[in-house]
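Number of protein chains: 4
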Amino acid sequence: MNFCSDNVAGIAPEILEAIARANAGTMPSYGGDEITARVEKRLGEIFEREVWAFPVTTGTAANALALSTLTPPYGAVYCHPEAHIMVDECGAPELYTGGAKLVPIAGAGGKISARDVAETLDNARAGDVHHVQPAAVSLTQASECGTAYTVAEVGAIAAVTKKHGVKLHMDGARFANAVAHLNVTPADITWKAGVDVLSFGATKNGALAAEAVVFFDKELAASFGFRRKRAGHLISKMRFISAQLDAYLTNDLWLRLARHANAMAQKLVGGLQSVPGVHLLYPVEANEIFIRLPLQTLAGLRQAGFQFYDWPGAAPGTIRLVTSFATSAADVDAFIAKANTLAKAA
Amino acid sequence: MNFCSDNVAGIAPEILEAIARANAGTMPSYGGDEITARVEKRLGEIFEREVWAFPVTTGTAANALALSTLTPPYGAVYCHPEAHIMVDECGAPELYTGGAKLVPIAGAGGKISARDVAETLDNARAGDVHHVQPAAVSLTQASECGTAYTVAEVGAIAAVTKKHGVKLHMDGARFANAVAHLNVTPADITWKAGVDVLSFGATKNGALAAEAVVFFDKELAASFGFRRKRAGHLISKMRFISAQLDAYLTNDLWLRLARHANAMAQKLVGGLQSVPGVHLLYPVEANEIFIRLPLQTLAGLRQAGFQFYDWPGAAPGTIRLVTSFATSAADVDAFIAKANTLAKAA
Amino acid sequence: MNFCSDNVAGIAPEILEAIARANAGTMPSYGGDEITARVEKRLGEIFEREVWAFPVTTGTAANALALSTLTPPYGAVYCHPEAHIMVDECGAPELYTGGAKLVPIAGAGGKISARDVAETLDNARAGDVHHVQPAAVSLTQASECGTAYTVAEVGAIAAVTKKHGVKLHMDGARFANAVAHLNVTPADITWKAGVDVLSFGATKNGALAAEAVVFFDKELAASFGFRRKRAGHLISKMRFISAQLDAYLTNDLWLRLARHANAMAQKLVGGLQSVPGVHLLYPVEANEIFIRLPLQTLAGLRQAGFQFYDWPGAAPGTIRLVTSFATSAADVDAFIAKANTLAKAA
Amino acid sequence: MNFCSDNVAGIAPEILEAIARANAGTMPSYGGDEITARVEKRLGEIFEREVWAFPVTTGTAANALALSTLTPPYGAVYCHPEAHIMVDECGAPELYTGGAKLVPIAGAGGKISARDVAETLDNARAGDVHHVQPAAVSLTQASECGTAYTVAEVGAIAAVTKKHGVKLHMDGARFANAVAHLNVTPADITWKAGVDVLSFGATKNGALAAEAVVFFDKELAASFGFRRKRAGHLISKMRFISAQLDAYLTNDLWLRLARHANAMAQKLVGGLQSVPGVHLLYPVEANEIFIRLPLQTLAGLRQAGFQFYDWPGAAPGTIRLVTSFATSAADVDAFIAKANTLAKAA
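Protein chains in written order, with the numbering used here: chain A, 548 to 893; chain B, 548 to 893; chain C, 548 to 893; chain D, 548 to 893.
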């Protein structure tokens, strides 16, 4: 029973079937196939407007390549100090942007505030050649703390970025989980709120390896095809990446999978609230739980076969629990029961 | 009937089944799974020595990341002027190496000679700060002209590179086709001949998207994991990439698929030899045919539904025909018959 | 009367004369001249050991190129959040290192502590491919707050970096001022304390445009010549850069100039201590004073022709005053007198 | 008597005096001084239009930074295979452009033809993501073979580049020598002919270290200030770089110096024509002579103290002789006399 991450899960059956189904005869390579065209069309329907969409196979590639279209090499990209692009991508944004600088803007619960973005941009010395120049803000939706930006929060940040001529990127590795939680339309939480480009994740939510970089601005998208190829991220047998996204976007599969993962997280955190000594770090608004439990309880859970990560930089006993489309209610119940038993025995 | 490239074909059934089989339960992500470990072990068996192997999803990534371990940013990488790394990767080697320079060494039939490598390296002004410094030679096996370097040819080049302290890379996007044609062991044509790192291709030969960068030198491999992650090429659900390679390497599937593709190429070129007005550009030693046919014949073939590429930079009427693991004898027969009919009618 | 920076001053007479003296006849270009050789020798004498020294024309180039020899592109370079390399070089370190990440370690008075370096490196996740890898620590001597690291402080930090296999760089744009203040030998405060490479500044202290990157480790120096040329920082008529350094290093000119600048700073801060409403931010240990004065006083000083910078990120009324080799006692007296008059009138 | 290069000469007296003259009192740093403003104005007068000019200290920096404003990282810059940017800058263009590719276009006498540029651009596969994208052409004026492009030749090339939306750069390290030879206005041979940006050299022609990057397009210039600072090429005491250019541009000093160098080259080649066994490689249109002499003659000249370079890649006995503003008629006479004596003795 593995709660380490949503990427320890496999492929959703509908997506695996779509891959198999796509394996008939020959098709043009490098995205010239009809499935890839259909994916862009489907994304347009879901986002209620024309979009320019590019499938890639990892979230890191999606983020770093997206950012490379938003900043010159001497630019600054602002993000939360715990953002995936800041700490978990081994410098990919720096590679793809040609050395742009990620500048942290701290904020509670993994989110940055419009007020802090404004203060930062007001003091960014735009136009002064001695300093990297403000280019983009990147938000993670759902955030690295499992919280979600509301439409109002994104809109307020976008108002500031627009004022300063700075672009807005959304890292949506868990976009489906955020949308499912917020119960908003994809359009409302992205371009209608002011997002310029979205890393639309699917891998963590049931795909084999598929993300789409979705542009809401044609001009920003213009160089992406070259940047993707140059990064070795243009998959030759693209139909099989697109087939994953096609299935993911069909009949709301993406939201159904995310709702399940979110529901499992709610069930899990609900059950753990009653465990003695428990401390929840952030509200659970997606499929991640950051929680502190007695060390002895954690040791017992691990002995019983439950897997999860200690959370670095937090107090001892702080762990992260991630649910996925594949997490079963039985696994959650087992975790809760074991945690209760262990805590009460202590 | 599509002869444009081997990447217009789909997934070999054994490989698709392996993906489905890998989709059971949870597994550690990012390559911590047992299938990935097994792939490295299998590659060790096939190459008859310890290797350090890293799965990636594209040949461009394999090549460019491999080269980034061989050259400083002020280095020179020598290759054929028609090499994939030179003309078909939109500058990926330059991106990943931090700006190293690809320097062409011309040669007949898509191959460079040990003699020309020696002359180039003798005049490379090693140690002079005004010039990029010799760092690596890259050979394509099978070459972009569908020819294969013999063991003796690779060995002779390696003798030169070793003398100059320069590393030897092999772009093996069609390595299987070359090995099948040469009828040598994988060890003989790589590390025993002096190759330091191999881009071991599988995608063109039946995988969904899987290549392995295979190092024969532990020290060179040391930075690869970081470089791969930083490039966004560390797939989170790695088991599904490794499962492809695992199946590919099992029971000689990789060679069986390549032998079929090669046999179809031989059959095709054999049948075309008798077409009036035909001119074969290079010996067919893998699964690619470069051939000139009357323009009218080509037009007729296309009208009949056959697909293939005009070859840029060559005389009018020059086309490339590529066979794959999935090419049927019937398709080949149909192509030959149609070409003969058309040519005779002219 | 300009206290904006030490780089608003001109060239020390001895240095200008040396340039004129070097202008006789032809000399080998690109550093093959005898003056350049002599500079390296003189630096060896001053540092009491063999060094590998490379003249460049700016501090930014010296720092960024030095760092490029210490870190892979996926590395982390730790420095104070106010370090010149972090905020004032428009991303030069990111450019020259190929995208390495500057990671801040906060500390009082512009200095970072061995304790905080230790804590940071202990938690840096060395070996984990998801994160940039600890490569170097950079200290500014004298610091951006006008303070100086003691021999003990540098030694303590170096003990930590050595333990973690991390290199130690010293940004010595105002190295002379620090050495003059500390009254230590150049050897004691650098390689004997554990510094691997020093950006040895001269421009701010009387040169036209000359800095030397001084390596105490031959292996680290090996790639520098190539990196410098590739950055366009190999001056063709090198003799004129080296002549500046030659004069600077002759008869302790560098220390005499720095002592004067430091003395003027002491005189200035001493005189300002008695101004009503004054608040000194940091101890004055070099030639920079960070001080808060009443806004009215500042306005009056500016009206009277005194020039200085408001300090960004500090409380209103905080300014920086910099003295140089060329600052006269009369100028300092005039500033003090005016400040007193204005403050008392308020 | 050193004919190795024009950069073995020192500083022209007028320029050295200007440096000394600029050394009075304080001045704003980083180019905020009045001398720097005057230089831009003077360049505007010389080029008969508004220009945006940026002083730097090396030709390599001027070229590579200029190119970085003309090409995306996935772009192609076309130049002669012997161009300085191609072979003598240790990869600086690749560094500053973020990895763009220099693509050779061969041509006689160090020059490329409009016809070959057209053929290359027609086949560059613009818009195809697999290939680097045509971005700029760079011409060297005077060329690496000591020849000069005529106004008609530059204009014909510019007509092609404009048609393809490609920018035109001129490497004018020896621009003064070319203008002096061609007897045209600076405007005619640059922007009026279609040049977008010029590396305007002064170092080889009498400056200590000064070049100006001159833009004829405001938009292209917009990012240059940031790129220059980020490269460590923004000199803090800029007044001393600008003072060199100011003197250089005053009273046609730049042309007078170049005319002298050119005249010395004509005198030298004229005198050598009569030496038995001599072979001149290219017409002498600037201050460089590429010539073949008997090996014994060369040995004798060297024994007599004359210095010059063997030319790499050419037949044995091929040397380069470079004259400068400082070359004396006596030195030239001595060389000619000695060469004649030696050749006749053989």
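For each residue, glycine too, the CB sits at the ideal point set by N, CA and C.
Small disclaimer: the values here were computed from a predicted structure and weren't measured.
For Y696(C), DSSP records no beta bridge to any residue.
Counting of Cβ neighbours within 10 angstroms places P620(A) among the buried residues, the total reaching 16 or more. For the C-beta of C637(D), the chain B residues within less than 7 Å are, from N- to C-terminus, Y621, V676, H677, H678, V679. Taking a contact to require three or more Cβ pairs closer than 8 Å, the region 622 to 639 of chain D and the region 648 to 666 of chain D qualify as touching. Listed in chain order, the non-local C-beta contacts of S576(D) below 7 Å within the same chain comprise S783, K784, M785, local neighbours out to five positions each way being set aside.
Bounds of the beta strand (DSSP E) holding R867(C) are 865 to 869. Looking at the DSSP output, G748(C) shares a beta bridge with E758(C).
A direct Cα-Cα distance of roughly 12 Å separates A754(D) from A723(D). Distance from V603(D) to L612(D) at the Cβ level is roughly 7 Å; contact confirmed, criterion being Cβ atoms closer than 8 Å. If you keep only unbroken alpha helix (DSSP H) runs of at least 4 residues inside the region 580 to 626 of chain C, you get 581 to 594, 606 to 615.
Using a Cβ-Cβ cut-off of 9 Å, Y795(C) does not count as an interface residue toward chain D, since no Cβ of chain D sits closer than that to its own. With respect to the 9 Å criterion, V707(B) and L729(B) are not classified as neighbours on the basis of their beta carbons.
Interface flag for G579(D) against chain A is unset, since no Cβ pair is found closer than 9 Å. According to the DSSP secondary-structure assignment, S685(A) is paired through a beta bridge with H716(A). Around the beta carbon of Q688(D), 16 or more other beta carbons sit within 10 angstroms, so the residue counts as buried. Using a Cβ-Cβ cut-off of 9 Å, R777(B) is close to T607, A611, E636, C637, G638, A639, E641, L642 of chain A, given in chain order. With a cutoff of 9 Å on beta-carbon distance, G572(B) and H780(A) are scored as not near each other. Setting aside the 5 residues that flank it on each side, A703(A) is surrounded in the same chain by A661, each with a C-beta closer than 7 Å to its C-beta; the list follows chain order. Put simply, of M717(B), W738(B), V742(B), Q850(B) the residue whose alpha carbon is nearest the alpha carbon of E758(B) is M717(B).
The bridge partners DSSP lists for L729(D) come to none. Fully contained in the region 626 to 665 of chain C are the following alpha helix (DSSP H) runs of length 4 or more, in chain order: 631 to 634, 639 to 644.
In this structure, T667(A) sits away from E636(A), with a CB-CB distance that is not shorter than 9 Å. Scanning its chain for C-beta atoms nearer than 7 Å, with the 5 sequence neighbours on each side dropped, one finds around A665(B) the residues V707, in chain order.
One alpha carbon belongs to G578(D), the other to D793(D), and they sit about 13 Å apart. Cβ-Cβ distances below 8 Å link F594(C) to P733, A734, T737, W738, V761, F763 in the same chain, with the five nearest sequence neighbours on each side left out; the list follows chain order. Against K648(A), the close residues of chain C are G638, E641, in the order they occur along the chain (beta-carbon pairs closer than 7 Å). Contacts with chain B (Cβ-Cβ distance below 7 Å) from the region 743 to 764 of chain D involve no residue at all. Between F882(C) and G818(C), the C-beta gap is smaller than 9 Å, which places the two residues in contact. When only Cα atoms are considered, A600(C) and E587(C) end up about 6 Å apart.
In the three-state reduction of the DSSP assignment, L828(C) falls in the coil class, being assigned neither a helical nor a strand state.
Minimum Cα-Cα distance from A768(A) among the listed residues I788(A), A890(A), S615(A), G674(A) corresponds to S615(A). By the beta-carbon neighbour count (other beta carbons within 10 angstroms, threshold 16), S871(D) is buried.
Chain C places a beta carbon closer than 9 Å to that of S783(D), counting this residue as a contact.
At a C-beta separation below 9 Å, N554(A) has no neighbours in chain C, since its nearest C-beta there lies roughly 12 Å away. Taking CB atoms only, S770(C) has a neighbour in chain B less than 9 Å away.
At the C-beta level, T865(B) and H807(B) stay beyond 9 Å of one another.
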